[in-house]
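Enquirer: I'd like to ask some things about the structure below.
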Amino acid sequence: MLARRGGMRPVLSALLLGAAPMLAVVTAFADVLAPVTGLFSQKALDEAKREAAAPELARLESLAQEEGESLEWMNFLVKQMWPGITEYAENMIRSYEPMIKASLPIPGANIRFKTCSIGKQPIRFGPIRHRAA
């Protein structure tokens, strides 16, 4: 069929005069034509992500300066470790009982801690505010 209409010459000329320049233009102006073609370069995608995140990042930075940086991560860890912390503190306090008994002026006095607790609720750490030194 190609042989009847002039062979490969019209096909090659159509490619060279039509498709190849169009491909070069689309490649060269990919970011400009991206809304039309729907094809975005990785550089354009990264830049769009940065632009989209910039207002939220600025808001978080100003919030941290005004109210301080949150320590919720630390509060979470302390809450998880609190039973162990209270047990350790109770053992430390009870380890002083013999020393207290020995230092009393009355020989044979029996002193012991009936209850010993640092509380059931864990301590909480508040926000940290940044200040210039």
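Just so we're aligned: 60 in my numbering is position 54 of the sequence shown, and the numbers increase by one with no gaps anywhere. Quick reminder that beta carbons are idealized off the backbone N, C-alpha and C, glycines included. Please read these numbers as outputs of a predicted model, since none were measured by experiment.
(1) Report the partner residues of Glu75 according to the DSSP bridge assignment.
(2) Do Ile124 and Thr92 have their C-beta atoms within less than 7 Å of each other?
(3) Nearest-angstrom Cα distance between Leu8 and Ser47?
(4) Cα separation between Lys126 and Arg137?
(5) Please list, in chain order, all residues of the same chain as Leu141 whose beta carbon is under 6 Å from its beta carbon, the five residues on each side excluded.
(6) Along the chain, where does the alpha helix (DSSP H) that runs through Ile117 open and close?
(7) Label Ile134 either buried or exposed according to how many other C-beta atoms from any shown protein chain fall within 10 Å of its C-beta, with 16 as the threshold for buried.
Expert: The structure says:
(1) As a position in the sequence shown, residue 75 is number 69, starting the count at 1. For Glu75, the beta-bridge partners assigned by DSSP are Ile134.
(2) Position 118 of the sequence shown, counting from 1, holds the residue named residue 124. Position 86 of the sequence shown, counting from 1, holds the residue named residue 92. Going by C-beta atoms, Ile124 is nearer than 7 Å to Thr92.
(3) Here residue 8 is taken as the residue at index 2 of the sequence shown, counted from 1. Here residue 47 is taken as the residue at index 41 of the sequence shown, counted from 1. Bear in mind that the predicted position of Leu8 carries a pLDDT of just 47, short of 50, making it too unreliable to give a figure here.
(4) Taking the first residue of the sequence shown as 1, we reach residue 126 at position 120. Taking the first residue of the sequence shown as 1, we reach residue 137 at position 131. A direct Cα-to-Cα measurement between Lys126 and Arg137 gives close to 33 Å.
(5) Nothing about residue 141 can be read from this structure; the chain reaches only from 7 to 139.
(6) Locating residue 117 in the sequence shown gives position 111, where the first residue counts as 1. Taken as a continuous stretch (DSSP letters only), Ile117 belongs to no alpha helix (DSSP H), as it is neither H nor E.
(7) By 1-based counting over the sequence shown, the position of residue 134 is 128. Per the 10 Å Cβ criterion, exposed.
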